[in-house]
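Per numbering that gives the first Met the number 0, the very first residue in the sequence shown carries number 0; after that it's consecutive. To keep things clear, I will list the structure first and then write my remarks on it.
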Amino acid sequence: MFHQLFLYLILSFAVFSALAAPVPTTPIEHVIVIVGENRTFDNLYATYRPKKGQAVWNLLSRGIVLENGLPGKNFNLATQHLAQNKGEYTPTPDITGAYSALPQPYATGAIGQRRDVPDARFPTNLPNGPFQITRYVGYGAHTGDPIHRFFQMWQQVDGGKNDLFVWTAETVGVGPSNGKSPVAAGKTYQGGVAMGFYNMAAGDAPYFRELADRYALADNYHQSVMGGTTANYLALTTADVAFYTRDGKAAAPPAKQIENPDAQPNTNNWYSEDGYAGGSYVNCSNPDNPGAKGINKLLQQLPYKAFRGGNCDPDTYYMVNNMDPAFTPLGEPLALADDKFLLPPQIMPSLGDALSAGGVSWKWYSGGRNDGKNVDKEYCAMCDTQLFFASTMQGSDKSKLHDLQQFYQDAENGLPAVSIIAPYDSVSGHPGYAMETGFDELLRGIVNKVQQNPELWKKTAIFVTFDEGGGYYDSGYIQFIDFFGDGTRVPLLVISPYAKKGYVDHTYYDHASILKFIERNWGLPPLSARSRDNLPNPLHNAASPYVPLNRPAIGDLMNLFQEKK
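Structural data, given as structure tokens:
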């Protein structure tokens with residue numbers, strides 16, 4: 000009798016859950032988000048030619064380069080300048096000239112290459128502008144890793160001129176508190192590596208070209224936050240920026256962990272406190288704090304109002320560079336200390352919280368997390384983003400975090416409504432230690448696995464994007480939304496039976512757009528009062544196909560889909 004009653008309760012709960020789950024507003028019942036690492040739109044799609052009737056903004060269409068990868072008639076549009084920034088930090092330093100040629104790229108971070116000397120595979124006299132990487136090495140070769148930190152990236156884009164990628168890399172690089180290599184003022188081991196791109200017209204990235212031809216591509220999609228992986232993965236799940244907490248409240252972090260991008264005395268742009276063993280937090284509500292004045296001044300000079308005045312709450316120290324979570328993959332809390340670069344448990348609402356509250360099933364799949372305590376270098380803890388949230392790690396939602404291996408089984412037996420995939424590190428596409436070819440093949444395998452299940456494929460949308468641009472040059476427009484970004488363009492593909500075929504969408508998007516799509520598809524509200532999913536959809540016209548007329552505005556990705564298959 001007990002077993003019959005127990006079975007009845009289970010069946011009743013299953014029926015109730017099915018009835019309680021919201022019905023999608025579109026035919027899309029499954030959303031899969033796959034996140035690669037560190038590629039701008041121009042780094043991957045520089046010479047892509049879309050299908051007839053479509054247009055794209057890239058190096059080729061703007062005449063910056065030719066199909067053979069050599070400089071085009073408008074090569075000067077990508078000229079990299081020299082600048083001066085002594086003393087107080089500014090995101091728009093004074094221009095003092097231009098490079099006569101790019102400094103020879105370094106191979107910093109590249110497996111199998113020396114990091115302390117220029118990369119001899121590349122010439123010493125590259126023209127001052129973008130260069131084709133595969134003119135000198137193969138598509139799968141390990142090449143240098145450009146800088147991609149918060150205050151550096153603000154300077155790289157230089158108020159939208161995109162002309163200080165090389166100067167910023169050469170003057171400050173990864174920062175004085177890097178802790179990984181002996182960088183110093185004037186010795187940052189970067190050179191012109193940021194200006195490299197792959198050439199689709201010559202056969203590079205063939206699978207990404209095929210996907211763009213067959214499905215839908217966005218050429219105006221951006222990383223949400225200037226800088227690196229942690230901040231942008233968090234933006235994917237919060238449409239917001241993480242901050243330092245203590246006892247469940249906003250608090251001040253250890254002094255060593257607070258950013259200070261003001262130049263050290265007698266240097267040109269050599270920051271006072273920054274790097275992977277240094278600054279990561281900024282209180283941008285106080286204009287007297289280092290780094291805050293310059294960016295806030297830029298926002299105040301915009302022809303439109305920044306979102307919530309810059310989105311800087313009082314007495315809050317926002318994390319703008321990489322930190323690891325304060326929980327292990329198994330949910331055990333890690334000790335916090337002044338010398339531990341761990342982000343304390345986050346108290347803001349996340350995508351996981353919203354989906355669970357709305358009755359929408361979800362899982363987060365991370366390559367390498369099966370190793371539990373002894374995670375190896377294949378596992379990216381900061382990419383297993385729900386680990387940052389106490390609500391997930393101290394509750395039942397912890398069971399929704401899985402190794403990527405589980406995805407392949409679920410694709411056969413039943414996927415949740417929303418799946419987020421963070422790759423194994425070695426196939427993430429990250430420059431230096433991973434490269435793009437591995438991510439291409441991982442993506443191919445996932446797409447094939449979904450398509451092999453016809454019942455799943457016919458109601459699925461796969462979103463493919465990158466956490467951030469990795470410090471690579473990009474020629475696209477950037478909408479400055481608040482103190483934290485947006486940053487450079489990154490690719491976004493929609494692979495689905497409902498995707499517009501061979502379509503290139505110019506609507507303005509960033510990582511919050513994926514959240515907006517999920518919220519609209521399942522009837523969920525914005526995550527919080529300050530999250531960017533509150534922003535309106537952009538209004539565009541023929542005269543302004545890339546710049547929203549109603550800035551700041553971010554789309555919900557619905558324009559990438561057709562109403563019927």
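Glycine included, each C-beta is placed from N, C-alpha and C at the ideal position.
Between the Cα of V489 and those of S425, F196 and P181, spot the shortest distance and give me the residue it belongs to.
Closest by alpha carbon: F196.
Does D218 come out as helix, strand or coil in the three-state DSSP assignment?
If DSSP states are grouped into helix, strand and coil, D218 belongs with coil.
Could you tell me the distance, in whole angstroms, from the CA atom of R134 to the CA atom of G277?
Cα to Cα, the separation comes out at about 37 Å.
So, with DSSP's three-state summary, where would you put M566?
With the chain covering 0 to 564 only, the question about residue 566 has no answer from this structure.
Give, in chain order, every unbroken run of the beta strand (DSSP E) that is at least 3 residues long and sits entirely within the stretch 168–243.
If we require 3 residues or more, the beta strand (DSSP E) runs fully inside the stretch 168–243 come out as 215–217.
Name, in chain order, the residues that DSSP records as bridge partners for M565.
For the chain, the structure presents residues 0 to 564; residue 565 sits outside this window and is missing.
What does the alpha-carbon distance come out to for the pair L523 and I517?
The straight-line gap from Cα to Cα measures roughly 8 Å.
So if DSSP puts P130 in a beta bridge, which residue, or which two residues, is it bridged to?
One detail in the question is off: residue 130 reads as Phe in this sequence, not Pro. Answer is G195.
Grab the span of the alpha helix (DSSP H) containing P117 for me, first residue to last.
No alpha helix (DSSP H) contains P117, which DSSP labels as neither H nor E.
What residue range does the beta strand (DSSP E) around Q112 cover?
Unbroken run through Q112: none, as it is neither H nor E.
Just curious, the beta strand (DSSP E) that I494 is in, first and last residue?
Looking at the DSSP string, the run of the beta strand (DSSP E) that includes I494 is L491 to I494.
According to the Cβ coordinates, are Y280 and Y243 closer than 7 Å?
The answer is yes: Cβ separation under 7 Å.
Is the stretch 161–181 in contact with the stretch 70–83, if contact means three or more CB pairs nearer than 8 Å?
The stretch 161–181 is in contact with the stretch 70–83.
For the alpha helix (DSSP H) that contains I517, what are its first and last residues?
A511 to W521 is the span of the alpha helix (DSSP H), which, as asked, contains I517.
Whose C-alpha, out of Q385, P264, D424 and E440, is nearest the C-alpha of S418?
For S418, the nearest C-alpha among the options comes from Q385.
Would you kindly work out how many angstroms separate the C-alpha atoms of V116 and N67, rounded to a whole number?
When rounded, the distance between both Cα atoms is 29 Å.
Of all the options I110, P49, P126 and A54, which has the alpha carbon lying nearest to the alpha carbon of G71?
Of I110, P49, P126 and A54, the residue nearest in Cα terms is P126.
In the DSSP output, what is F326 paired with across the bridge?
Beta-bridge pairing links F326 to P332.
In or out: S223 buried (at least 16 other Cβ within 10 Å) or exposed?
Buried: at least 16 other Cβ atoms inside 10 Å.
Inspect the beta-carbon positions of A204 and A511 and report whether they are closer than 7 Å.
No, Cβ-Cβ distance for A204 and A511 is not below 7 Å.
Are F483 and V136 close, meaning C-beta to C-beta below 7 Å?
Going by C-beta atoms, F483 is not nearer than 7 Å to V136.
Roughly how many whole angstroms lie between the Cα atoms of I513 and F465?
About 12 Å.
Going by Cα to Cα distance, which pick from T487, R550, L556 and P525 is closest to S495?
Checking every option, the nearest Cα to that of S495 belongs to L556.
Would you check if the stretch 437–450 and the stretch 460–477 touch, i.e. whether three or more CB-CB distances between them fall below 8 Å?
Touching, yes.
What did DSSP end up calling F388 once you bin it into helix, strand or coil?
In this structure, F388 counts as strand in the three-state DSSP scheme.
Please classify L329: is it buried, with 16 or more other beta-carbons within 10 angstroms of its beta-carbon, or exposed?
L329 should be labelled exposed.
Output needed for F149: all residues of its chain with C-beta closer than 6 Å, excluding positions within five of it in sequence on either side, in chain order.
So the list reads M225, G226, V319 and N320, once near-sequence residues are dropped.
Pick helix, strand or coil for E454, following the three-state DSSP scheme.
If DSSP states are grouped into helix, strand and coil, E454 belongs with the helices.
Could you name the residues of the same chain whose beta carbon sits closer than 8 Å to that of G469, not counting the 5 residues immediately before and after it, in chain order?
Answer for G469: E36, N37, R38, T39, N42, D144, P145, H147, H429 and P430, listed in chain order.
Mind reading off the beta-carbon distance from G501 to P422? Whole number of angstroms is fine, and I expect it under 8 Å.
G501 to P422, Cβ: 26 Å. No contact.
Out of curiosity, what's the CA-to-CA distance linking T228 and F326?
Using only the alpha carbons, I get a separation of about 18 Å.
Pull up the distance between the alpha-carbon of E87 and that of Q131, whole angstroms please.
Those two C-alpha atoms are separated by around 36 Å.
Kindly list the residues whose CB is nearer than 7 Å to the CB of D337, restricted to its own chain and excluding five residues on each side of it in sequence; keep chain order.
Closer than 7 Å at Cβ, skipping near neighbours: P253 and K255.
Between the C-alpha atoms of N295 and P286, what's the straight-line distance to the nearest angstrom?
Cα to Cα, N295 sits roughly 7 Å from P286.
With H, G and I counted as helix, E and B as strand and the rest as coil, what does DSSP make of P422?
If DSSP states are grouped into helix, strand and coil, P422 belongs with coil.
Within the continuous alpha helix (DSSP H) that includes A542, where are the two ends?
First-last for A542: undefined, no H or E at that position.
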